[in-house]
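Enquirer: Here's a structure for you.
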Amino acid sequence: MAGKSGRTIVNVPDKSWKKTLLCWESMLVVVFILINIFCASISSSYQFSSVLREMPKYLTEMFLLFPMAYILILGEIDISVGAIVCLSATMTCMASNKEWPFIVVVLVSLLVGTICGFVNGLILTKFTELPPMIVTLGTQIVFRGIAEISLGSGGSVSLSNTEGFRMIAGKVGTIPYILFVVAIFAVIFTVVLSKTTFGRSVYAIGSNSRAAYYSGIHVQRIRLIIYTAMGFMAGLAALFLTSVLYGANTTTGNGFEMDAIAMAVFGGISTAGGKGKLQGGIISGLIIICLRIGLGQINMNPQLILIILGALLILAVLLPNIGGEVKLKKKTAAAK
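The sequence shown begins at 16 in our numbering and counts up one residue at a time.
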């Protein structure tokens with residue numbers, strides 16, 4: 016646009032190559048490459064085909080990452096998702112064992128998860144003074160308790176009919192179906208968050224929910240939609256997890272909520288709300304999955320793997336803060 020002076024005013028922000036290359040997502044791509052080199056060096060069986068073969072049991076957690084990123088950007092948290100996966104998987108197995116058509120079994124899994132997510136959202140939107148962590152802690156206990164009661168004294172249920180689950184656990188060549196499904200939902204959630212009014216509203220709520228409300232954003236409606244979507248994706252995760260485990264027990268889904276949060280935070284999504292990109296969460300999720308597969312192939316103690324992942328998470332939280340402090344000191348020194 017040309018002004019009175021004859022100069023052209025550019026209303027599109029300039030994106031420098033330096034800024035793009037040094038962004039958190041670009042650094043995660045480098046880490047992803049290094050992690051794969053490291054895993055290949057410590058395990059002779061770490062190959063593309065072996066990674067694809069072992070991926071399905073880990074990819075289920077990626078379904079939880081997508082809506083969890085939205086919740087964290089809202090400045091909130093949901094720690095009930097592991098319990099929702101457990102309850103959905105339990106009901107899925109029971110429905111399958113009743114010889115119901117597989118399409119009905121799929122709907123049972125999705126419906127149970129969606130109802131649980133809707134319950135979380137309904138409580139949080141009707142009683143806005145309640146902190147999400149406490150509410151979802153309570154519903155976590157309730158949902159897992161229902162699953163344990165349903166499972167009875169044995170504490171587990173096995174599929175008597177695995178035909179439908181073998182179908183969704185199938186592959187196109189060497190690529191499992193679940194990878195295609197994860198990719199589709201990754202694109203959907205990323206586009207909605209970064210390119211739509213709904214996504215901009217999520218960031219606005221996370222930055223300042225009161226200001227967002229007075230600017231005309233339907234804050235509580237958006238929160239309800241996101242928590243319900245969280246439940247739906249937990250039901251979807253339970254469906255694919257059942258296709259891997261061929262059953263469910265009282266520990267199904269244990270720690271899934273922490274893994275989803277770790278993926279999101281390591282991907283650069285702020286727990287304070289209003290900041291972060293889902294692309295970073297997706298890359299970090301793949302990093303964690305590849306690291307688990309590589310360390311698992313050398314029979315490393317699972318607890319030690321958790322310690323390594325915890326250290327990576329702490330590092331991911333510390334680095335931006337250290338960088339911020341360094342910049343602040345430079346500005347202060349320059350001002351003097």
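Quick reminder that beta carbons are idealized off the backbone N, C-alpha and C, glycines included.
(1) Quick one: Cα of Q235 to Cα of L137, how far?
(2) Tell me which residue opens and which closes the alpha helix (DSSP H) that G262 is part of.
(3) Go to S173, then tell me how far its alpha helix (DSSP H) extends in each direction, as first and last residue.
(4) Quick one: using the 10 Å Cβ neighbour count with 16 as the cut-off for buried, is K113 buried or exposed?
(5) Count the other CB atoms, across all protein chains shown, that sit within 10 Å of the CB of N316; report buried if there are 16 or more and exposed otherwise.
(6) Tell me, to the nearest whole angstrom, how far the beta carbon of F204 is from that of F81; I am working on the premise that it is less than 8 Å.
(7) Tell me K113's beta-bridge partners as DSSP assigns them.
(8) Taking only three categories from DSSP, how would you classify K186?
(9) So, with DSSP's three-state summary, where would you put P147?
(10) For R225 and I232, what's the separation of their Cα atoms in angstroms?
(11) What's the gap between the Cα of T211 and the Cα of L239?
(12) Taking the alpha carbon of S352 as the reference point, which residue from L330, L327, G309 has its own alpha carbon closest?
(13) P191 bridges to which residues according to DSSP?
(14) Can you give the beta carbon distance from G246 to C131, rounded, assuming they're within the 8 Å contact cut?
(15) Taking DSSP as the reference, what is the three-state secondary structure of L291?
Expert: This is what the structure gives:
(1) 9 Å
(2) Where G262 is concerned, there is no enclosing alpha helix (DSSP H), although the beta strand (DSSP E) it sits in stretches over 262 to 264.
(3) Segment 171 to 173 is the beta strand (DSSP E) holding S173; no alpha helix (DSSP H) there.
(4) exposed
(5) exposed
(6) 4 Å
(7) For K113, which the question treats as bridged, DSSP gives no partner whatsoever.
(8) strand
(9) helix
(10) 10 Å
(11) 18 Å
(12) Given that the chain is displayed from residue 16 to residue 351, the structure contains no residue 352 and the question cannot be resolved.
(13) K186
(14) 5 Å
(15) The displayed chain sequence assigns Gly, not Leu, to residue 291. Coil, per DSSP.
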